[in-house]
Every structure is written in structure tokens, then in C-alpha cells.
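Asks: If you read the sequence shown in our numbering, its first letter stands for residue 4, the second for the next number, and so on.
Ideal placement from N, C-alpha and C gives every residue a C-beta, glycine not left out.
Here it is: the structure, laid out below.
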Amino acid sequence: MSIERLNELMPPGPTPRYYPPSLFRASPTQPRRRVKPAKVEEMRASIEQAGQQQAILARPNPEHTEGDGQPPLEIVFGHQRWEAIGGLESGPGVLANVRELTDQQVKQIQMIENMDREDLHPYDEAAGLQRLLRSEQNADGFASVDELAAWLRKSRRWVYQRLSLTRLCEKARDAFLDDKINASVAALLARMEDQEQQLEATEKILAGWGGDPYSFRAAAKLLQDEFMLNLSNAPFDIQATFEIAGPCGQCPKRSGANPDLFAEISSGDMCQDRGCFGAKARETIERKLASAEAAGHQVMRGSEALRLMPNYSAPPNGYYLLAETCPKLTDSKKPLSEIFGAKARGAVTLLHPNSETVITIVPEADVRKVLKAKGLLRQETQAPTDVAPKSSVGTQGNQGTKARPRTQHELTHATRSLTAEKFSLAAGTMFRDHLRQLDAMPIELARIVAFQRVNELNEPAMQLVFALQGWPFDQEYDEEDQLATKLDELVAAGSSGTLGELLVHAAFAENLATYWSVENLFDEEDDTCYAANEIAALFGLKDQLKPLYDQFAAEAAIEVEAEEDKRLGRIKPKDATDAFVEAHAPASGKTAAKKSSVKYRKQDTGETWSGRGLQPAWLKAAISAGDRLEDFEVTA
Numbered sequence: 004m005s006i007e008r009l010n011e012l013m014p015p016g017p018t019p020r021y022y023p024p025s026l027f028r029a030s031p032t033q034p035r036r037r038v039k040p041a042k043v044e045e046m047r048a049s050i051e052q053a054g055q056q057q058a059i060l061a062r063p064n065p066e067h068t069e070g071d072g073q074p075p076l077e078i079v080f081g082h083q084r085w086e087a088i089g090g091l092e093s094g095p096g097v098l099a100n101v102r103e104l105t106d107q108q109v110k111q112i113q114m115i116e117n118m119d120r121e122d123l124h125p126y127d128e129a130a131g132l133q134r135l136l137r138s139e140q141n142a143d144g145f146a147s148v149d150e151l152a153a154w155l156r157k158s159r160r161w162v163y164q165r166l167s168l169t170r171l172c173e174k175a176r177d178a179f180l181d182d183k184i185n186a187s188v189a190a191l192l193a194r195m196e197d198q199e200q201q202l203e204a205t206e207k208i209l210a211g212w213g214g215d216p217y218s219f220r221a222a223a224k225l226l227q228d229e230f231m232l233n234l235s236n237a238p239f240d241i242q243a244t245f246e247i248a249g250p251c252g253q254c255p256k257r258s259g260a261n262p263d264l265f266a267e268i269s270s271g272d273m274c275q276d277r278g279c280f281g282a283k284a285r286e287t288i289e290r291k292l293a294s295a296e297a298a299g300h301q302v303m304r305g306s307e308a309l310r311l312m313p314n315y316s317a318p319p320n321g322y323y324l325l326a327e328t329c330p331k332l333t334d335s336k337k338p339l340s341e342i343f344g345a346k347a348r349g350a351v352t353l354l355h356p357n358s359e360t361v362i363t364i365v366p367e368a369d370v371r372k373v374l375k376a377k378g379l380l381r382q383e384t385q386a387p388t389d390v391a392p393k394s395s396v397g398t399q400g401n402q403g404t405k406a407r408p409r410t411q412h413e414l415t416h417a418t419r420s421l422t423a424e425k426f427s428l429a430a431g432t433m434f435r436d437h438l439r440q441l442d443a444m445p446i447e448l449a450r451i452v453a454f455q456r457v458n459e460l461n462e463p464a465m466q467l468v469f470a471l472q473g474w475p476f477d478q479e480y481d482e483e484d485q486l487a488t489k490l491d492e493l494v495a496a497g498s499s500g501t502l503g504e505l506l507v508h509a510a511f512a513e514n515l516a517t518y519w520s521v522e523n524l525f526d527e528e529d530d531t532c533y534a535a536n537e538i539a540a541l542f543g544l545k546d547q548l549k550p551l552y553d554q555f556a557a558e559a560a561i562e563v564e565a566e567e568d569k570r571l572g573r574i575k576p577k578d579a580t581d582a583f584v585e586a587h588a589p590a591s592g593k594t595a596a597k598k599s600s601v602k603y604r605k606q607d608t609g610e611t612w613s614g615r616g617l618q619p620a621w622l623k624a625a626i627s628a629g630d631r632l633e634d635f636e637v638t639a
């Protein structure tokens with residue numbers, strides 16, 4: 004191909020002749036930037052033995068004037084032959100064709116002549132292609148990539164990918180030129196417009212697995228998982244204009260801006276600028292909060308929001324989500340937001356810290372008022388029992404002194420929470436006893452892996468790990484700092500066995516810390532419980548865990564029912580046996596009723612504490628917020 008194309012580009016001229024090597028200079032646009040000394044020596048030996056078989060191409064040096072010291076000729080191609088001949092002690096000189104050529108003709112000829120050579124580095128090829136495009140310095144260049152691709156007789160995708168290599172950051176370019184990464188991986192990196200992110204990605208790819216850089220497949224997965232964000236899932240309007248940038252559709256950093264560079268992306272339009280994405284998400288949150296405040300909502304953030312709504316996926320008892328329908332109180336299929344209108348009475352808008360999600364809830368009392376005013380409230384045969392709990396929100400809540408019966412949902416939640424509380428420590432202790440039979444692992448490796456895994460846990464799971472280790476957990480101090488301090492103490496003491504325990508505790512603690520995970524622990528298809536199930540199988544405990552759970556579930560149900568009876572002042576009817584024993588028992592033989600093991604309870608969630616051992620997280624958080632311990636006594 005090269006010979007045919009070169010003949011098309013080269014104007015006619017005189018036959019080649021020999022010139023002294025000193026009359027030539029190298030071309031500043033020569034694509035091949037690296038000359039291999041071994042290749043030059045091999046060529047020199049060949050020319051010395053058989054003579055120069057192919058003429059080089061040169062043109063009059065455009066920068067040469069008489070007496071300026073510049074060589075009169077400039078090489079277009081054949082630089083290695085010229086260097087090889089220049090190193091010979093004798094010979095006829097350099098056989099060369101000299102033609103009158105423009106700068107653009109020179110670059111085109113050089114590109115065609117070099118492209119078929121296997122040893123031309125793709126980065127050098129990319130730089131040569133870039134010089135062929137029109138620019139301020141090259142008014143005669145190709146006007147577009149499509150024109151260049153057509154002239155090269157290559158696909159536009161190939162040309163785009165080659166040209167993208169010129170955008171490599173310095174570290175990626177050096178790794179590419181040193182053959183530490185191949186052209187495919189380099190092309191993945193070159194697509195990243197942000198040079199700082201590209202540098203970060205380059206370092207991760209070069210680190211790879213145990214020091215071996217990632218393959219193309221592994222690198223592509225890394226970039227998509229850690230450096231790309233799906234615009235279809237963006238928590239903001241991608242058509243809107245923000246302070247940091249305009250609409251996403253106009254951004255060249257997204258994959259959809261150049262599909263030829265992102266052929267392997269099949270999951271939609273992807274954003275490659277995490278900083279911009281995050282800034283737009285934060286600005287959207289602030290806009291929502293400002294709008295809510297303007298509408299008269301009470302706005303909560305941080306710990307205040309967490310106290311009112313511990314579970315961001317479900318509203319607290321006595322509240323409803325403004326954005327959803329309310330089938331419990333009305334037959335209307337409209338969301339409450341439509342029914343309430345722009346100014347929702349009594350609404351509370353929260354920025355939940357566990358999800359960075361803006362959520363608006365309304366007390367049930369206000370929902371009932373609005374529904375009743377609009378004739379949408381469903382008729383009920385008895386007074387409502389599910390009202391807003393006492394909280395810092397507005398003036399809603401329990402105004403009287405008479406305790407209300409808890410709903411079936413509350414009772415079920417309390418039972419499941421108490422079951423998880425009992426089961427988690429018992430099961431965790433079983434795991435711990437088996438862990439202590441393990442062989443020790445290398446202590447520093449144990450510390451690294453343990454810290455990495457434990458630090459990923461949520462707060463309840465972290466506290467469970469501390470409890471199983473017998474460590475005090477201080478709510479006022481940073482969890483990560485406390486963990487690092489404890490691990491450093493273990494390393495200093497040479498406690499590799501304890502570190503091994505900690506590592507495996509971390510694998511199942513999150514499954515035991517909340518009631519929904521405890522229940523899923525027995526689901527073989529639940530991937531989130533994989534580690535706990537595998538460890539249970541390894542220790543031969545799987546058959547013991549389910550009966551243990553069922554036992555605690557039965558005990559918890561009895562305790563919750565007894566506590567509800569006591570809280571409401573209900574007297575349970577005695578059966579015939581109880582009545583007979585009570586009637587015939589001697590007065591001195593009567594004993595005091597057994598006290599419930601539940602001494603403190605959080606009314607809105609049903610979470611409990613027996614009063615023994617470490618205070619649970621929910622109680623510490625409430626006390627830190629100003630509540631008193633006495634407020635949670637079940638007899639209060």
C-alpha cells in the first residue's frame with residue numbers, strides 16, 4: 004500500500020543521486036521519535052556489505068539560507084538509513100531523491116511511509132496523525148477526522164482512538180512508551196479528559212495485581228466501576244444548568260459525546276467527571292432544601308434527621324412520605340404532595356445522612372386534617388391508634404398521658420429487633436469460640452485486611468464487633484480512629500490470634516446487627532449473607548443457628564407481649580390452672596412477679612435495652628441529643 008500511495012503523493016523529479024551525509028538534517032515532523040540503536044547498527048552492517056538498496060526522500064530545507072550554517076536538505080523519510088550511512092568511515096554517501104514538497108505533503112508522505120511499519124509506536128503514530136489535522140499552525144491540514152479517515156482508508160473509530168492517545172497524561176504516556184501498558188489500555192486512559200483523574204486511574208492500573216498492570220478487560224472494568232457514573236441514575240436534572248457547568252448533554256466528557264471511543268460501554272451515557280457530578284448532586288440537594296424551607300417545611304440535617312428517621316427507607320411511625328400515596332387513610336391514588344399542594348402543612352424535609360437523600364414526611368395528624376377537609380379521608384369504625392410519636396417536630400405527638408396501644412407493625416418490629424438483639428450476641432459468641440481454634444495468621448497481613456474490612460461496616464455492625472471483642476465503644480470519638488488504635492495495640496502485643504478473630508467477626512457482624520439481615524441469614528440465595536453462611540458451614544454451625552433463632556424469636560414475642568400488657572395496664576386473664584394454683588397457694592408462698600428483661604425501650608422503633616452491659620447505639624445517640632435515660636424506662 005505504501006508504495007502506491009507514495010507514488011500518488013510524490014511529484015516527479017530527477018533520478019536519485021548520492022549526497023554527503025552532512026548536507027541533510029532530520030525532519031521536525033518525523034513521526035518516529037525513538038530510534039533503536041540496534042536497528043541502526045544492523046542497517047549499517049547491511050549497507051556496508053551490500054550497499055544502499057533504497058533511496059531516501061528529501062526536500063530543500065525551508066529554513067536554509069546561504070551562509071546560515073543550516074544543511075541545505077531536509078529528510079522526509081529514511082532517517083535510520085541516513086544515520087547508518089553517517090556512521091560509515093567511507094562510501095559514496097547517501098542515495099537520495101530530492102523533491103519540492105510543501106509541509107502538508109511532507110507530513111502525509113511521512114505518515115503513509117511509517118504506518119505499515121511494525122516498529123512504529125502507536126503514540127508516535129498518534130502524534131503524526133494530529134499534525135495532519137487543520138490547526139492555527141497548519142492551515143492546509145484536513146478539516147475533520149472524517150476527512151482524515153477517508154484519506155487514510157481507515158475507520159473513523161480507529162482514527163479517533165489513535166488521536167486520543169495524544170491526550171495521555173505524562174505518567175500514562177511514559178508507561179505506554181516503556182511498554183508497561185499496551186495501546187488498548189492506553190486508549191482507555193486517554194478518553195479521560197480530567198488529567199488528575201487520569202493520573203489516579205493510571206496509578207491504579209499500573210499497580211494492578213501484585214505489581215503486574217491490569218489487562219485491558221480488568222482496566223476497562225476498573226474505569227467503569229470507579230471513574231464513570233451513569234447519567235441515567237444521576238440524582239439531578241441532566242438537562243439543567245448548574246453553577247459548575249451546563250447541561251450534561253453538552254459535555255464532551257461523557258461517553259455519549261464520542262461513541263467511537265466508548266464502544267465497550269453498553270450501560271448508557273456515562274460521565275467521567277466525578278467532581279462535576281458530585282457538585283451538581285450537592286447543588287441539587289441545596290436547591291431542594293431551600294425550596295422546602297421557602298414552602299414552610301421544617302428542615303433537618305445530620306444527627307437531628309437521623310434521630311427522627313433512623314431508617315431512611317421507611318418513615319418513622321406516625322408519619323407518611325409526602326411523595327407517595329397513603330392507602331391506609333384514603334382511597335385516592337394521588338400522592339400526598341398533590342393533595343397537600345405547594346405548601347404542605349406540618350411537613351418535615353430531611354437530608355438523611357445515611358443516604359444523602361432529601362426526604363419529606365408529614366405527621367399523620369396533618370394528613371388526616373387535609374384529607375378530611377378535602378373529603379378524601381376514609382371512614383373508620385374506631386378512633387385512630389397510630390399517631391405521630393413524641394419528637395422535636397412541630398407540636399404533633401402524644402398530648403395525653405394515657406398510653407396508646409401499639410400497632411401490629413410496631414409490635415412485630417419490636418419483636419424482630421429484640422430477637423436480633425438476643426440472637427446476634429449468642430450466635431456471635433458461638434462463632435468466636437470456634438474462631439479461637441484457628442491457626443495464627445501473619446500479624447501485619449491480618450492488621451491490613453482486618454482494618455480494610457472492619458472499616459467498611461456500618462455503625463451498628465462496628466459496635467457489635469467491639470462488643471464481641473470486649474472493647475468499650477465511645478460514641479463521641481471517630482470510629483476509624485478507635486479501630487486504628489485498637490489494632491495498633493494488638494500489633495504491639497503480638498496478638499495475631501485476636502486479629503484473626505476480628506477479621507472473621509467483620510465478615511458476619513453486619514448480618515447479625517440488624518433484624519432484617521438476621522432473617523436473611525437463612526436465605527441461601529442472599530448474596531449479602533454469603534460470608535456468614537460460609538463461616539457457619541465451615542464451623543458446622545448451620546444446623547444450630549436456625550433453632551437458636553427460633554428459640555429467641557419465641558422468647559422475644561412473649562417479652563414484647565408482656566411489656567405491652569404492662570405498659571397499657573392490661574391484666575391478662577388467668578387460665579384454669581393459674582387460677583387454681585393462685586387460689587390454693589399459701590399466702591407466704593407467693594412470690595413477686597418476674598420482671599421483664601426489657602428495662603428501656605425506644606417507642607418509635609421498638610429497640611430495647613435490658614439495662615445490663617454496654618448501652619446500645621440508639622440510646623447513646625438519644626442521650627447525646629439531650630434526652631434522659633428515664634425517658635426510655637418501660638414503666639415510665
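Do the CB positions of R62 and E77 come within less than 8 Å of each other?
Replies: Contact flag set, yes.
Asks: Cα separation between E1 and A326?
Replies: Here the chain comprises residues numbered 4 to 639, so residue 1 is not present and cannot be evaluated.
Asks: Can the beta-carbon of Q275 be found less than 8 Å from the beta-carbon of D197?
Replies: Yes, Cβ-Cβ distance for Q275 and D197 is below 8 Å.
Asks: Which residue's Cα is closest to the Cα of Q56: A99, R36, S30?
Replies: With distances taken between Cα atoms, Q56 lies closest to A99.
Asks: Can you list, in chain order, the residues of its chain whose CB lies under 7 Å from that of T287, leaving out five sequence neighbours each side?
Replies: Closer than 7 Å at the Cβ level, and outside the excluded window around T287, lie P238, F239.
Asks: Please classify S306 as buried or exposed, where buried requires at least 16 neighbouring CB atoms within 10 angstroms.
Replies: That one is exposed.
Asks: Straight-line CA distance for I59 to V162?
Replies: So the two alpha carbons sit approximately 28 Å from each other.
Asks: Rounded to whole angstroms, what is the Cα-Cα separation between R277 and F230?
Replies: Near 7 Å, if we compare the C-alpha coordinates of F230 and R277.
Asks: Between L380 and the rest of its own chain, which residues show a CB-CB distance below 8 Å, the 5 nearest in sequence each way excluded?
Replies: Contacts found: L332, T333, R371, L374.
Asks: Please report the Cβ distance between L421 and E636, rounded to the nearest whole angstrom; I am assuming they are in contact, meaning their Cβ atoms lie under 8 Å.
Replies: That belief does not hold up - the Cβ atoms of L421 and E636 are roughly 16 Å apart, past 8 Å.
Asks: Would you report the Cα separation of G431 and P255, rounded to the nearest angstrom?
Replies: Rounded to whole angstroms, G431 to P255 spans 52 Å at the Cα level.
Asks: How far does the beta strand (DSSP E) with E558 in it extend, from its first residue to its last?
Replies: Careful: E558 lies outside any beta strand (DSSP E), inside the alpha helix (DSSP H) at 545-571.
Asks: Leaving out the 5 sequence neighbours to the left and right, which residues in its chain are closer than 6 Å to G299 when beta-carbon positions are compared?
Replies: Within the same chain, G299 has close Cβ partners K346.
Asks: Out of I115, S258, G249, M465, which has the shortest C-alpha to C-alpha gap to E11?
Replies: For the residues I115, S258, G249, M465, the minimum Cα distance to E11 belongs to I115.
Asks: Nearest to R8 by CA position, among Q83, L202, E45, M118, is which residue?
Replies: Minimum Cα distance to R8 is reached at M118.
Asks: Evaluate the contact criterion for the segment 39-52 versus the segment 127-143: three or more CB pairs, one atom per stretch, below 8 Å.
Replies: The segment 39-52 vs the segment 127-143: no contact.
Asks: What residues in its chain sit with their C-beta under 6 Å from that of P95, if we drop five residues either side in the sequence?
Replies: Taken in chain order, the residues that qualify are Y21.
Asks: According to DSSP, is P463 part of a helix, a strand, or is it coil?
Replies: Note: P463 maps to helix in three-state DSSP.
Asks: Measure the beta-carbon distance from A560 to T418 and round it to whole angstroms, keeping in mind my assumption that it falls under 8 Å.
Replies: The pair is a contact, with the Cβ atoms about 5 Å apart (cut-off 8 Å).
Asks: So is S30 buried or exposed if we call it buried at 16+ other beta carbons inside 10 Å?
Replies: Buried: at least 16 other Cβ atoms inside 10 Å.
Asks: Roughly how many angstroms lie between the CA atoms of W474 and L632, to the nearest whole one?
Replies: Approximately 23 Å, taken between the alpha carbons.
Asks: Output needed for G89: all residues of its chain with C-beta closer than 6 Å, excluding positions within five of it in sequence on either side, in chain order.
Replies: Taken in chain order, the residues that qualify are P24.
Asks: Any idea which residues DSSP pairs V97 with across the strands?
Replies: In DSSP, V97 forms a bridge with Y22.
Asks: Determine the burial state of G349: buried for a count of at least 16 other Cβ atoms within 10 Å of its Cβ, exposed for fewer.
Replies: It counts as buried.
Asks: Can you name the start and end residues of the beta strand (DSSP E) that L135 belongs to?
Replies: Run containing L135: none in the beta strand (DSSP E); it sits in the alpha helix (DSSP H), 125-135.
Asks: Under a three-way DSSP split, which group does M312 fall into?
Replies: In this structure, M312 counts as coil in the three-state DSSP scheme.
Asks: Rounded to a whole number of angstroms, what is the C-alpha to C-alpha distance between G378 and V365?
Replies: Computed Cα separation, rounded: 18 Å.
Asks: Note the first and the last residue of the continuous beta strand (DSSP E) segment covering Q301.
Replies: Taken as a continuous stretch (DSSP letters only), the beta strand (DSSP E) holding Q301 covers 301-304.
Asks: When you compare only the Cα positions, how much space is there between A293 and Q242?
Replies: The alpha-carbon atoms of A293 and Q242 are separated by roughly 20 Å.
Asks: Kindly indicate which three-state DSSP category C251 falls into: helix, strand or coil?
Replies: Correct three-state label for C251: helix.
Asks: According to DSSP, is R28 part of a helix, a strand, or is it coil?
Replies: Correct three-state label for R28: strand.
Asks: Whole-angstrom Cβ separation of V79 and Q113, contact assumed at under 8 Å?
Replies: Right, their Cβ atoms sit about 6 Å apart.
Asks: If you compare alpha carbons, which of R407, K283, L339 is closest to D568?
Replies: Nearest of R407, K283, L339 to D568, Cα basis: R407.
Asks: Bridge partners of F80, per DSSP?
Replies: In the DSSP output, where bridge partners are listed per residue, F80 has L60.
Asks: Using the three-state DSSP reduction, which class does I665 fall into: helix, strand or coil?
Replies: Residue 665 lies beyond the residue range present for the chain, which begins at 4 and ends at 639; the question has no answer from this structure.
Asks: How should R654 be labelled, buried or exposed, when 16 other C-beta atoms within 10 angstroms of its C-beta is the threshold for buried?
Replies: The first residue shown for the chain is 4 and the last is 639, placing residue 654 beyond what the model contains.
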